[in-house]
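Here the structure comes first, spelled out in structure tokens, and everything after it is commentary.
Protein chains in written order, with the UniProt record's numbering: chain H, 1 to 457; chain F, 1 to 457.
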């Protein structure tokens, strides 16, 4: 492994430059305005895979954004690792809150600031560079396949079809993903599960046009007021979600699982201080780690209606809207939840308004078996690289396609992320520590080494 | 009066052209981007007053937008009418809902479509043209003063100071305003009261930055969710407003007043059909006419927070905002109500968020004495011009400065409006019927005639 270490050491400056080039693409998949940038990003990724030594590299078209595929098959008898990542990023707005331009990566005290720095460009590109290091030093111990998509931030609508249509090509022994976070670099951790997601949009219509709030106010239902009342009713006084059937099938943790989970290092005061909040919030009877890691939630991601400009406009709006998403846990079927939400939301609407509910996207929750060779390999790789055994954690985020891989390809996923919760994913000033970037590149080859050994036992 | 009639008849096309020119100024007082247009509108109005025969015309500077003053004193022993109006208009957005450009007046089946067509350019300009007709035919029966301001749509912040500082100059026997509506041209009506207003803006802050709704969702208070819960709590199950002390001092109508009010021609089915709503909404125990005319209300005029762009963004927003205004009735002090709202809104905020409340503007409610010579003069003028006695009505809108005139100048106001509730005030496609515009110009001189007679009795 020394030769790999040396190669990485010698090439660190270039590895960073290449990441910067990747981060300069504004590959925002949610906004059609960036279409050409997203497409250009796919071509860039494909070229970098070729440069690193991948074969059969292809930018595979879909009805949405393309999926970049590449592979290196050294021996069919050796195990195969399928690396998944995504080259698309979240929208950067609100732009005015960025200290430096989101698509001009800037380094401040050892951190790379840019949209996508951590989620997921900085993390998936570690694999491309680790692969390059293994190739150039003749140290690739198993076969490797790359599948880097461009629609993760908008629900991976076309990945499912692609996977189903390419089972042979994608055949592997494990899926390896770096798109999650660790507790810290001093306390490395390893995700054992992810939450599912159901993302909805609602539209409440009152009168057929904006009205003068003096002439009509008090006599015609105000859709903004009604929307607020409907959203307020979705949580009860214990912050339980009130949608009938929502919790059906939710797997409750055993006392021991709860004990393990809560034994993870976590400083509530630090947490509140970092967010500048006086009190945390959430479902009664659960700790903060349980609330984010093991419980389903419902969040308003956006709300708008009426006059939102400068000054005052005495209008009774015709329409009000909200984007509402639910995080799901094992035992919840995201499509069923989407239906339950729709039925319930329509059912609680008073006759004085009309309601329209639209489904954006979603995915199932996932739990990794910690006794698998792949999980053990990741565990050992982190232990060796950090000099400290990782803490098993349950992440609150979602990578909807993880469940899909198991369904379609029949293989498990290992979530070996190197980000931090404080990396401002989906927020202004997203960052990724240069230290974490390099640490990931150094740790990945160790995973391959241990995985090859354990699989061949 | 025949000579006035003839003069108006001969000049109708020009009167319409001049109104179009006035409507082409985008005098949006709420949005600083239109500053120069608003100022240009003031100059235009001043010039038209001079052309009509007014003296001592002045564009009076204030710390905001100027007030246009002009007068014609024919004899100090004659009564004096102070005409008030405003040359500023509401913002035109949402622009995409206009069928023709808001600042390019367009006539469709006898109606002038433009922002400000009715509120208030079309209505105050009737007075300028009626004045011109009386002047050119030597039929002005009393003294007249004009005070046309440019900040009515943003709270008339500087009018109060101006009036207080110009009591001599503004001395009059009555204030005459055309900035309200009639039931219809077949059923002319006359306003006997207006509601007061208190316009607030609230800001709810959760975490100090937008967060990933997966990583933090369910564990940190979402300001959009909390704002919805707070707004929802402002009405109880009977749609009574829950702010402690809100109804203190509200004057309840007598059974007879209620009977009179509800005897006004009103077709609930037509009302619902026009707005395309299945059910009306409002305070239990009151009719629609009572709800808008005699009861205080609370409306969300705008709400926003989080991601409102295309597609999906899984963000837990840092902030959520709302513009909330209350319509007030006689017995409610608008400044006290603003304080009560602020205290209450802050008091119901959970510790997990921070709340900021800002006061936009407001004004007191007003009721006209129906036995005054001025009200009687308006009543007779309408009866003569429409061939039908007007129905007394209570309007839901607010002209905060009406109460101020009484306070500062010690004179009553007559609200002789010629608009219609269906004129889309503050909405896209605001309109004003050419018929109403001409009808107003014909009716105003009759008011002057009757007022001069009644005052001199």
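All residues carry an ideal CB built from backbone N, CA and C; glycine is no exception. Since the structure is predicted, the reported quantities are computational estimates derived from the model, not experimental observations.
query                                                                                                                                        : result
Reduced DSSP category for residue 223 of chain F - H, G, I as helix; E, B as strand; rest coil                                               : helix
Close Cβ partners of residue 487 of chain F (< 6 Å) along its chain, the five nearest in sequence each way excluded                          : Within the shown structure, residues of chain F are numbered from 1 to 457, placing residue 487 of chain F beyond reach of any answer.
Candidates H/148, H/400, H/104 and H/434: closest to residue 458 of chain H by CA position                                                   : Outside the shown range of chain H (1 to 457) lies residue 458 of chain H, about which nothing can therefore be said.
Sequence-distant residues of the same chain with beta carbon closer than 7 Å to residue 375 of chain F, five excluded per side               : 368, 369 and 414
Residue 176 of chain F: contacting residues in chain H (beta-carbon distance under 7 Å)                                                      : Those do not exist, as residue 176 of chain F stays about 20 Å from chain H at its closest Cβ, beyond 7 Å.
Residue from F/12, F/319 and F/336 whose Cα sits closest to the Cα of residue 355 of chain F                                                 : F/319
Beta bridge counterpart(s) of residue 320 of chain F as assigned by DSSP                                                                     : F/204 and F/305
Beta-carbon neighbours of residue 351 of chain H, restricted to chain F and to distances below 8 Å                                           : 278 and 279
Residue 292 of chain H (DSSP reduced to helix, strand or coil)                                                                               : helix
Segment limits, alpha helix (DSSP H) that includes residue 136 of chain H                                                                    : 121-136
Helix, strand or coil at residue 148 of chain H [DSSP, three-state]                                                                          : strand
Contact with chain F by residue 203 of chain H, beta-carbon distance below 9 Å                                                               : no
Nearest-angstrom Cβ-Cβ length linking residue 213 of chain F and residue 203 of chain H, presumed shorter than 8 Å                           : At roughly 20 Å, the Cβ-Cβ gap does not stay under 8 Å, so residue 213 of chain F and residue 203 of chain H are not in contact.
Own chain partners of residue 297 of chain F with C-beta closer than 6 Å, once the 5 adjacent residues on each side are dropped              : 327
Buried versus exposed, by CB contacts within 10 Å (16 or more), residue 245 of chain H                                                       : exposed
Close beta carbons around residue 65 of chain H, own chain, < 8 Å, minus the five adjacent residues each side                                : 29, 38, 39, 42, 88, 149, 150, 151 and 158
CB contact check: residue 90 of chain F to chain H, cutoff 9 Å                                                                               : yes
For residue 58 of chain F, the residue or residues it bridges with in DSSP                                                                   : F/69
Unbroken alpha helix (DSSP H) run spanning residue 346 of chain F, endpoints                                                                 : 334-347
For residue 358 of chain H, the residue or residues it bridges with in DSSP                                                                  : H/201
Span of the alpha helix (DSSP H) around residue 28 of chain H                                                                                : Here residue 28 of chain H belongs to no alpha helix (DSSP H), and DSSP marks it neither H nor E.
Alpha-carbon spacing of residue 241 of chain H relative to residue 183 of chain F, whole angstroms                                           : 47 Å
Chain-order list of residues whose beta-carbon lies under 6 Å from that of residue 304 of chain H (same chain, five-residue window excluded) : 321
Burial state of residue 332 of chain F, where buried means 16 or more other Cβ atoms lie within 10 Å                                         : buried
Distance, residue 155 of chain F Cα to residue 250 of chain H Cα                                                                             : 53 Å
Nearest to residue 61 of chain F (by Cα), restricted to the options F/144, F/165, F/443 and F/92                                             : F/165
Any chain F beta carbon closer than 9 Å to residue 222 of chain H                                                                            : yes
Close beta carbons around residue 271 of chain F, own chain, < 8 Å, minus the five adjacent residues each side                               : 280 and 288
Distance CB(residue 454 of chain H)-CB(residue 389 of chain H) smaller than 9 Å                                                              : no
Span separating the alpha-carbon of residue 336 of chain F from that of residue 115 of chain H                                               : 47 Å
Residues near residue 360 of chain H in its chain [Cβ-Cβ closer than 7 Å; skip 5 each side]                                                  : 155, 199, 200 and 201
Cβ-based neighbour list, residue 22 of chain H, same chain, cut-off 7 Å, excluding 5 preceding and 5 following                               : 44, 121 and 125
Within-9 Å CB hit, residue 282 of chain H to chain F                                                                                         : yes
Limits of the unbroken alpha helix (DSSP H) element including residue 461 of chain H                                                         : For residue 461 of chain H there is no data in the structure shown, the boundaries of chain H being 1 and 457.
Endpoints, the beta strand (DSSP E) within which residue 390 of chain F is located                                                           : Unbroken run through residue 390 of chain F: none, as it is neither H nor E.
Any C-beta of chain H under 9 Å from that of residue 432 of chain F                                                                          : no
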